[in-house]
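Only one structure is covered here, and it is reproduced in the block below.
Chains as they are written, first to last, in our numbering: chain A, 982 to 1213; chain B, 1094 to 1373.
Below, the structure written as structure tokens:
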């Protein structure tokens, strides 16, 4: 059985400034499967929260419209076009990163990423990382509204069929402080902790974790979402 | 039974019942409050344990230090820097800057300082990149020979591209170029390489030109912050003023809500030149 959970918390810097959370989280059930999206509005664009929220909604709409996954490029193009069509402001003012995981009931999953953040998975018992290593420094990224190239996207088809398989998506507020060598262990810990909880309990547990993030001086908004296949 | 009596009776009954009920309730309340207290103390204990658990679950996976903010100085150590005590003033200004950085709070960002010198035949890593608060004994820069600025650019590029030395979670680094003369090597090729480097090109770059002989073209190309063009000085004491502005810019970043946001240089007002008391 597939289960999903996620949470988004506003970063200390935005709380102090009275600015809204620029991250967005989308989490939906879908024909026995799940769609999860996390998006991080760029801090340099004051209206980027509009873009990040809309990215989640449009992703759900496009995936639910029943389009095929056999051509991920066409799917991403449809999504990107729909996002720009529905935006009430110019795209570059709403720039945001985008991480998507959609999984059908049978475990057939599509994952996609544009920009920073981290997407890790276990597919057929094997751990993997979709995200590229960051080339520059913190807060420098590709994003919806900026990037026009298919080469900037990272897309993969996965099979989440074995017990313990899953996918975890997070924005850079978390991934930048996550120890590189502990990624797989982090995935395992989340699966162990959240796998035994209901979505609501998992959300509460994740919220407490993110609100008590141990890295000194962390400032960014933090969003995490996951899909796991349990043994039930 | 008249009306008053009826009312009194009712009141009395109500009063008695209330008194009895309240007594019962008090007793129950007492028991309840003791129970509550027990529950609360248990709850607080559990909450504390939970908080500790919350902390312990993530600390195994998250970085234990604030993000670094690297500051790398490319200092001219050619023979001409000896004239008018320029090198001595530069050494003093650098020492003061590191001292100021060391006292800054490391809650939001940890300022790290590295010093590349270029003089004689080659550029050298005079002070490897290290947290400012750990730099205890900074050796003065000796000044000698030619001005191999290109080599300094190459060395800076290597440092900025080193993911071990400067992790990707670091805030945008600051590069500071200080020179009083013309480069004596193939600086253009190395500068182009610096600009072409995916990581190195993203650093914020400031430049200080000392005296009339400084190559303002090179320094002008180097400085990439529109709000902070090349700072030109003809007086040695102005070196201090430049580094105080750099210190303020960096420390303001560490104190700001978002230390990644680059800040220009804000200079203190220059001390007014006092006129001599001459009558002509």
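Even for Gly, the Cβ is constructed at its ideal location relative to N, Cα and C.
Are there 16 or more other CB atoms within 10 angstroms of the CB of residue i, so buried, or fewer, so exposed?
i, result
"residue 1182(B)", "buried"
"residue 995(A)", "buried"
"residue 1197(B)", "buried"
"residue 1233(B)", "exposed"
"residue 1173(A)", "exposed"
"residue 1107(A)", "exposed"
"residue 982(A)", "exposed"
"residue 984(A)", "buried"
"residue 1190(A)", "buried"
Could you tell me whether any Cβ in chain B is nearer than 8 Å to the Cβ of residue i?
i, result
"residue 1194(A)", "yes"
"residue 1197(A)", "yes"
"residue 1063(A)", "no"
"residue 1008(A)", "no"
"residue 1087(A)", "no"
"residue 1127(A)", "no"
"residue 1158(A)", "yes"
"residue 1207(A)", "no"
By Cβ distance, which residues of its chain are closer than 8 Å to residue i, with the 5 residues on each side in sequence left out?
i, result
"residue 1188(B)", "1231"
"residue 1214(B)", "1238, 1239, 1241"
"residue 1073(A)", "1026, 1126, 1127"
"residue 1280(B)", "1242, 1243, 1246, 1311"
"residue 1121(B)", "Legend: pLDDT at residue 1121(B) = 48, less than 50; position of this residue unreliable, no value from coordinates given."
"residue 1048(A)", "1055, 1056, 1059"
Which of helix, strand or coil does DSSP assign to residue i?
i, result
"residue 1218(B)", "strand"
"residue 1011(A)", "strand"
"residue 1048(A)", "coil"
"residue 1102(A)", "strand"
"residue 1190(B)", "helix"
"residue 1020(A)", "strand"
"residue 1153(A)", "helix"
"residue 996(A)", "helix"
"residue 1205(A)", "strand"
"residue 1095(A)", "strand"
"residue 1328(B)", "coil"
"residue 1026(A)", "coil"
"residue 1212(B)", "strand"
"residue 1204(B)", "strand"
"residue 1164(A)", "helix"
"residue 987(A)", "strand"
"residue 1088(A)", "coil"
"residue 1171(B)", "coil"
"residue 1055(A)", "helix"
"residue 1154(B)", "coil"
"residue 1068(A)", "coil"
Taking 8 Å as the threshold (beta carbon to beta carbon), is residue i in contact with chain A?
i, result
"residue 1242(B)", "no"
"residue 1255(B)", "no"
"residue 1335(B)", "no"
"residue 1153(B)", "yes"
"residue 1250(B)", "no"
"residue 1345(B)", "no"
"residue 1108(B)", "Because residue 1108(B) carries a pLDDT of 46, less than 50, the predicted location of this residue cannot be relied on, and the following value inherits that uncertainty. Chain A contact via Cβ: absent."
"residue 1269(B)", "no"
"residue 1165(B)", "no"
"residue 1291(B)", "yes"
Do the CB positions of residue i and residue j come within less than 8 Å of each other?
i, j, result
"residue 1135(A)", "residue 1160(A)", "no"
"residue 1020(A)", "residue 1079(A)", "yes"
"residue 1248(B)", "residue 1163(B)", "no"
"residue 1105(A)", "residue 1143(A)", "yes"
"residue 1009(A)", "residue 1041(A)", "yes"
"residue 1359(B)", "residue 1341(B)", "yes"
"residue 1314(B)", "residue 1335(B)", "no"
"residue 1170(B)", "residue 1236(B)", "yes"
"residue 1133(A)", "residue 1097(A)", "no"
"residue 1091(A)", "residue 1131(A)", "no"
"residue 1141(A)", "residue 1084(A)", "yes"
"residue 1157(A)", "residue 1004(A)", "no"
"residue 1166(B)", "residue 1208(B)", "yes"
"residue 1117(A)", "residue 1292(B)", "yes"
Whose C-beta lies closer than 7 Å to the C-beta of residue i among residues of the same chain, with five residues either side of it excluded?
i, result
"residue 1167(A)", "1159"
"residue 1052(A)", "none"
"residue 1159(B)", "1199, 1200, 1201, 1202, 1203"
"residue 1288(B)", "1294"
"residue 1103(A)", "1145, 1146, 1147, 1168"
Apart from the five residues just before and just after residue i, which ones in its own chain have a Cβ nearer than 6 Å to its Cβ?
i, result
"residue 1307(B)", "1272, 1273"
"residue 1031(A)", "1075"
"residue 1126(B)", "Unreliable positioning characterises residue 1126(B) in this predicted model, as indicated by a pLDDT of 48, which lies under 50. The coordinate reading is nonetheless provided below. Same-chain partners within the cutoff: there are none."
"residue 1317(B)", "1298"
For residue i and chain E, any beta-carbon pair shorter than 8 Å?
i, result
"residue 999(A)", "The displayed structure is made up of protein chains A and B, and chain E is not among them."
Could you check whether the Cβ of residue i sits closer than 7 Å to any heavy atom belonging to the ligand HEM?
i, result
"residue 1025(A)", "Annotation note on the ligand HEM: not contained in the displayed structure, which lists no ligands."
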